[in-house]
Structure formats: C-alpha cells, structure tokens
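Single-structure report; data block below.
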Amino acid sequence: MAETIENSLAIINSKAPYSNTAGKDALDIALIFGSFEQAISLFFQGDGVWQLIPAQDGASIFVNDYLKTFAAFEFYDIEGVYVCQKSLQDRNLNEDFHIKGVQLLKQTDFAKKLAEHPHILRF
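Read in the working numbering, the sequence shown has 110 at position 120, and its numbers run on one by one without any break.
Written out as structure tokens, the structure is:
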C-alpha cells in the first residue's frame, strides 16, 4: 500500500481547458492552498491533459487564458505535477508541455501516486 502524504491535497484535472470552468476552478484552489503552504499535487488525466499543451489561447472564444498561470506553480511550491501517459497516448499527444517539471507516469504509477494523498478533489 502506498504511503500517504499527511494532510496533502491531490487535485485531479480531467476536463479540457475552456470547455467549462473546471480547469480554472482547480487552478484557483491549488493556488489558494499553495499560498497557505499546504502540500498540493496536481494530476492531469483524460481530457485534462489538454491543459498542459502549449500554444492555446481562449481569446478566440472570449475566455481569459488561465493556462499562463501554471507558470506560478514554483512560486506557490506546487512541485507535484503528474500526467497520465495513457491519457496522452489516447489523444495522440506528445510530451511537449508548456510548464516545466511535469512528471509523466504510467497509468498504474499514476494511480499509486494519487493514492498517497488523503484528500482528493476532481475537476
């Protein structure tokens, strides 16, 4: 069984950017918890992996580009950023992410890493 990271929060991003407010809401919560020095990890799976792909702009659909805020992860001590390799493969995406430090995990390792967190929010 995986060892839990005491009082840590995992945020799962499973929705495509700009399809609704889920991605922005997840980011806002991560930054709020990070500003209070809480242990935060972000997980991207399913259509959520699209949030990590560079050169996206919501301006054409009149939505603010919240994806640029991902660059602030380091400032908020959000170091655990994980992406499901199978989700990328299923969408024919490569590993060219617009933020650094993303850890690519096989599906089983992704699940194990997620299980280390006692608190999980899914968006």
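Backbone N, C-alpha and C fix where the C-beta goes; we use that ideal spot for every residue, glycine too. Please read these numbers as outputs of a predicted model, since none were measured by experiment.
The C-beta of residue 26 has fewer than 16 other C-beta atoms within 10 Å across all chains shown, which makes the residue exposed. The alpha-carbon of residue 14 is positioned some 6 Å away from that of residue 56. Per DSSP, reduced to three states, the secondary structure at residue 25 is helical. One thing to note: residue 107 has its Cβ within 8 Å of the Cβ of residue 31. Nearest in C-alpha terms to residue 60, of all of 24, 110, 111, 102, is 24. The C-beta of residue 45 has fewer than 16 other C-beta atoms within 10 Å across all chains shown, which makes the residue exposed. Cβ atoms of residue 33 and residue 3 come within 8 Å of each other, at about 7 Å. DSSP, read as helix, strand or coil, puts residue 83 in coil. Of all alpha-carbon atoms in 75, 20, 62, 79, the one lying nearest the alpha-carbon of residue 98 is that of 75. A Cβ-Cβ separation of about 5 Å places residue 6 in contact with residue 40 under the 8 Å criterion. With respect to the C-alpha of residue 101, the residue from 92, 72, 85, 17 having the closest C-alpha is 72.
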